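Residue numbers (the numbering used here): 2 to 564.
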RNA sequence: UGGGGCGUGGCCAAGCGGUAAGGCAAGGGACUUUGGAUCCCUGACUCGGAGGUUCGAAUCCUCCCGCCCCAGCCA
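Here's what the structure looks like:
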């Protein structure tokens with residue numbers, strides 16, 4: 002942290018400042034320790050931004066460490082995806098580490114604990130261990146194997162390592178206190194036998210360390226000064242400390258807990274996320290509706306907007322539920338200044354400008370971004386037949402409707418004023434075309450007489466229009482707090498049926514034919530969109546990142562009933 | 001009825017004994033060639049509740065209430 006920085010510090014930053022001032026630590030070293038058993042989501046992003054951010058602002062270091070102590074769940078491809086996601090978010094780790102690289106050292110510490118009489122091999126079955134653990138209000142019972150001699154335990158531990166026991170036959174346990182009020186301290190398991198190949202160590206080991214036994218040691222090996230985890234691990238801190246305090250470790254890290262992120266209208270649990278995929282409700286981990294980093298990326302979110310969001314939500318210890326509107330706000334704010342404005346008619350309505358010469362076409366100079374004049378202008382073709390948005394015309398307009406209606410005049414962005422003269426309907430009464438008239442004197446979008454035209458519409462020249470597919474995404478669930486589902490219901494009962502709407506008849510101005518995957522645009526008056534990677538030259542595909550704020554929609558919904 | 005954590009406006013969140021920051025959302029207005037953006041303005045007479053200490057308390061003490069987490073050979 003810069004000296005003299007007046008910024009308010011979160012509680013972890015305050016602790017770090019104190020630690021630096023007291024000399025407890027010389028340099029801040031943190032770590033982001035994912036288990037490679039799934040994809041990262043926005044909740045992980047909070048932790049990533051916290052850990053890497055702390056290292057950045059205190060000029061320290063942050064490691065990316067795979068906490069890969071369970072071969073049953075972990076896979077190489079998850080590890081690769083996590084590395085990519087952390088890098089995409091814009092962070093560089095000081096070291097790339099793997100808990101599995103420390104297995105030998107863990108074993109030595111286990112031997113040290115056994116030798117000190119602080120660990121023992123328990124031959125009880127998993128069921129017996131569970132039954133003798135006691136309950137929240139009753140103490141547990143000592144294992145009948147608790148008082149073996151050190152020699153016997155050492156021998157048994159070696160046999161465990163050599164594979165002389167089957168899975169479930171025995172475990173190594175810390176000898177702490179079976180009547181401890183904190184259940185985690187009731188002789189926790191340190192090693193279990195798992196005759197499974199590990200994605201990195203192969204078949205070298207047939208027993209694997211448990212989280213509580215391993216985690217503090219991983220931190221100690223790497224010299225982590227501040228080991229940050231989520232609230233549910235607060236109960237484990239006494240254990241974290243116990244393991245570190247009872248052997249000789251190279252450094253003494255401290256654990257701190259913060260509240261994990263919850264976002265409204267979505268879920269963060271790997272299990273539920275996986276369920277959505279397996280049931281075909283979404284199309285994979287990178288479906289733009291998913292709160293995964295890959296989903297957000299495909300949706301069009303930028304790394305900087307996600308980092309901004311993580312900075313906005315703060316770091317504290319109270320369980321919280323952040324409004325998804327805040328996430329939307331951060332991407333809107335960024336894209337407002339960086340996204341090129343283009344015109345795309347989502348649901349086209351044909352307009353023929355009767356007094357515009359047939360066969361004539363011209364190029365209209367169009368501002369790429371009014372927020373940033375340095376982005377320049379481009380030329381957009383205009384002609385006698387254009388398309389406008391169906392929603393921009395009402396045969397019988399309500400009050401305060403500034404758009405097109407019979408006899409009403411509007412402005413076509415950067416082009417001309419347009420007045421509706423005639424409506425053409427099909428046999429079933431649907432409006433299929435508008436016959437309009439333009440004012441040749443209004444080129445560019447204004448006239449010498451200075452008359453006011455309230456509505457400005459986006460448009461696309463019919464002969465030049467490019468057919469595009471547009472995917473409109475919305476929130477996945479209808480329940481704000483998904484942890485408050487009604488008794489007996491599942492997330493299936495709260496799925497938003499409109500989380501994806503695909504539009505295939507949308508028409509865009511020619512420049513969009515050149516758009517590349519992950520390019521981001523503002524479709525004028527509508528929202529921000531990005532090019533999906535399934536996009537092709539023939540049919541460009543756009544994902545809606547977020548809609549623009551829609552004051553008109555708000556007015557309408559409020560005035561519902563009084564027209 | 002064990003242990004741990006947390007309760008500040010609708011949602012986050014500062015505040016660390018001196019008289020309630022900020023952001024999002026909401027409402028009102030100005031401006032506008034995006035009903036976008038921008039710009040103003042409004043909102044906790046009060047900090048879960050009740051007592052107490054103090055000249056002074058969201059901040060200290062006591063009691064009470066509420067919510068979350070823990071009984072994997074998961075992390």
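Glycine included, each C-beta is placed from N, C-alpha and C at the ideal position. In this text the structure is predicted, and so the values were computed from the model without any measurement.
Distance, Cα to Cα, residue 341 vs residue 298?
-> Taking the first chain and counting its residues from 1, one reaches residue 341 at position 340. Taking the first chain and counting its residues from 1, one reaches residue 298 at position 297. If I take the Cα positions, the gap works out to 19 Å.
Within the same chain, show all residues whose beta-carbon is closer than 6 Å to that of residue 540, passing over the 5 residues directly before and after it, in chain order.
-> By one-based count along the first chain, residue 540 stands at place 539. Result list for residue 540: 470, in chain order.
Whose C-alpha, out of 182, 279, 40, is nearest the C-alpha of residue 137?
-> Here the question's residue 137 lines up with position 136 in the first chain. Closest option to residue 137, Cα to Cα, is 182.
Compute the Euclidean distance between the alpha carbons of residue 154 and residue 289, then round it to the nearest angstrom.
-> Locating residue 154 in the first chain gives position 153, where the first residue counts as 1. Locating residue 289 in the first chain gives position 288, where the first residue counts as 1. C-alpha separation (whole angstroms): 53 Å.
Contact between the region 103 to 113 and the region 311 to 323 (3+ Cβ pairs under 8 Å) = no
Looking at the structure shown, is residue 282 part of a helix, part of a strand, or coil, going by DSSP?
-> Residue mapping note: residue 282 aligns to position 281 of the first chain, counting from 1. In the structure shown, residue 282 sits in coil (DSSP, three-state: anything other than H, G, I, E or B).
Which parts of the region 192 to 277 are runs of the alpha helix (DSSP H), unbroken and 4 residues or longer, counting only runs that do not cross its ends?
-> 212 to 223, 238 to 246
Are the beta-carbon atoms belonging to residue 46 and residue 229 less than 8 Å from one another?
-> Here residue 46 refers to the residue found at position 45 of the first chain. Here residue 229 refers to the residue found at position 228 of the first chain. The answer is no: Cβ separation not under 8 Å.
Starting from the Cα of residue 531, find the closest Cα among 490, 473, 506 and give me that residue.
-> Looking up residue 531 in the first chain gives position 530. Minimum Cα distance to residue 531 is reached at 473.
Could you tell me if residue 3 is buried or exposed, where buried requires 16 or more neighbouring beta carbons within 10 angstroms of its beta carbon?
-> The count along the first chain starts at 1 and reaches residue 3 at position 2. With a pLDDT of 36 at residue 3, under the threshold of 50, the predicted position of this residue should be treated as unreliable, though the coordinate-derived value follows. Classification for residue 3: exposed.
Within 10 angstroms of its Cβ, does residue 536 collect 16 or more other Cβ (buried), or is it exposed?
-> Translated into positions along the first chain, residue 536 becomes position 535. Residue 536 should be labelled buried.
Give, in chain order, every unbroken run of the alpha helix (DSSP H) that is at least 4 residues long and sits entirely within the region 289 to 368.
-> 294 to 300, 304 to 314, 325 to 339
Own chain residues within Cβ distance below 8 Å of residue 99, not counting five before or after = Translated into the one-based positions of the first chain, residue 99 becomes position 98. Only 66, 67, 69, 201 meet the Cβ criterion.
Please go through the region 39 to 63 and give each complete alpha helix (DSSP H) segment of 4 or more residues, from N-terminal end onward.
-> 43 to 58
Endpoints, the beta strand (DSSP E) within which residue 507 is located | By one-based count along the first chain, residue 507 stands at place 506. Run containing residue 507: 501 to 509, per the beta strand (DSSP E) assignment.
Once you ignore the five residues that flank residue 262 on each side, which residues in its own chain have a CB closer than 6 Å to its CB?
-> To locate residue 262, count along the first chain from 1; it is residue 261. Hits under 6 Å: 44, 47.
Using DSSP with H/G/I as helix, E/B as strand and the rest coil, what is residue 528?
-> Mapped onto the first chain, residue 528 falls at position 527. Strand, per DSSP.
Just how far apart, CA to CA, sit residue 553 and residue 366?
-> Walking along the first chain from the start, residue 553 turns up at place 552. Walking along the first chain from the start, residue 366 turns up at place 365. Going by the C-alpha atoms only, they are around 28 Å apart.
Would you list, in sequence order, the uninterrupted beta strand (DSSP E) runs of no fewer than 3 residues that lie entirely inside the region 4 to 36?
-> 30 to 33
Residue 484 - containing beta strand (DSSP E), residue span | Along the first chain, read from residue 1 onward, the residue named residue 484 stands at position 483. That residue, residue 484, is in no beta strand (DSSP E); it is neither H nor E in DSSP.
Spatially closest choice to residue 126 from 460, 144, 113, by CA coordinates | By 1-based counting over the first chain, the position of residue 126 is 125. Nearest C-alpha to residue 126: 144.
Quick one: what does DSSP say residue 454 is sitting in, helix, strand or coil?
-> Locating residue 454 in the first chain gives position 453, where the first residue counts as 1. Here residue 454 sits in coil by DSSP.
Selected residue, minimal CA-CA separation from residue 11, among 233, 132, 58 = The residue given as residue 11 occupies position 10 in the first chain. Of the candidates 233, 132, 58, the one whose C-alpha sits nearest the C-alpha of residue 11 is 58.
Residue span of the alpha helix (DSSP H) that contains residue 189, given as start and end | Working through the first chain from its first residue, we reach residue 189 at position 188. Taken as a continuous stretch (DSSP letters only), residue 189 belongs to no alpha helix (DSSP H), as it is neither H nor E.
Would a C-beta distance cut-off of 8 Å place residue 441 and residue 424 closer than the cut-off?
-> Residue 441 sits at position 440 when you count from the first residue of the first chain. Residue 424 sits at position 423 when you count from the first residue of the first chain. It is not a contact, given that the beta carbons lie outside the stated cut-off.
For residue 315, collect the residues of the same chain with a Cβ closer than 8 Å to its Cβ; drop the 5 residues on either side in sequence, then sort them by chain order.
-> Numbered from 1 along the first chain, position 314 holds the residue referred to as residue 315. Contacts found: 11.
Could you tell me if residue 329 is buried or exposed, where buried requires 16 or more neighbouring beta carbons within 10 angstroms of its beta carbon?
-> For the purposes of this step, residue 329 is taken as residue 328 along the first chain, with counting starting at 1. Buried.
Would you check if the distance between the CB atom of residue 492 and the CB atom of residue 454 is smaller than 8 Å?
-> Here residue 492 corresponds to residue number 491 of the first chain, with the count starting at 1. Here residue 454 corresponds to residue number 453 of the first chain, with the count starting at 1. No.
Residue 387 versus 254, 26, 338, 357, residue with shortest Cα-Cα distance = Position 386 of the first chain, counted from the first residue, corresponds to residue 387. Closest by alpha carbon: 357.
Return yes when the Cβ of residue 523 is within less than 8 Å of the Cβ of residue 336, no when it is not.
-> Start at 1 with the first residue of the first chain, and residue 336 comes out as number 335. Start at 1 with the first residue of the first chain, and residue 523 comes out as number 522. Taking 8 Å as the Cβ cut-off, residue 336 and residue 523 qualify as a contacting pair.
Among 73, 231, 253, which one has its Cα closest to the Cα of residue 208?
-> For the purposes of this step, residue 208 is taken as the residue at position 207 of the first chain. Closest option to residue 208, Cα to Cα, is 73.
Does the distance from the C-beta atom of residue 257 to that of residue 13 stay below 8 Å?
-> Taking the first residue of the first chain as 1, we reach residue 257 at position 256. Taking the first residue of the first chain as 1, we reach residue 13 at position 12. Cβ distance < 8 Å, so residue 257 and residue 13 count as in contact.
What separation, rounded to the nearest whole angstrom, lies between the Cα atoms of residue 562 and residue 556?
-> Taking the first residue of the first chain as position 1, residue 562 is located at position 561. Taking the first residue of the first chain as position 1, residue 556 is located at position 555. Confidence in residue 562 is poor, its pLDDT being 42 and thus under 50, which makes the residue's placement unreliable; the coordinate value appears in the next sentence. Those two C-alpha atoms are separated by around 12 Å.
Would you call the region 377 to 395 and the region 506 to 525 touching, i.e. three or more CB-CB distances under 8 Å?
-> yes
Between which two residues does the alpha helix (DSSP H) carrying residue 555 extend?
-> On the first chain, position 554 is the one that residue 555 refers to. Taken as a continuous stretch (DSSP letters only), the alpha helix (DSSP H) holding residue 555 covers 552 to 559.
How many angstroms separate the CA atom of residue 362 from the CA atom of residue 486?
-> Residue mapping note: residue 362 aligns to position 361 of the first chain, counting from 1. Residue mapping note: residue 486 aligns to position 485 of the first chain, counting from 1. Near 58 Å, if we compare the C-alpha coordinates of residue 486 and residue 362.
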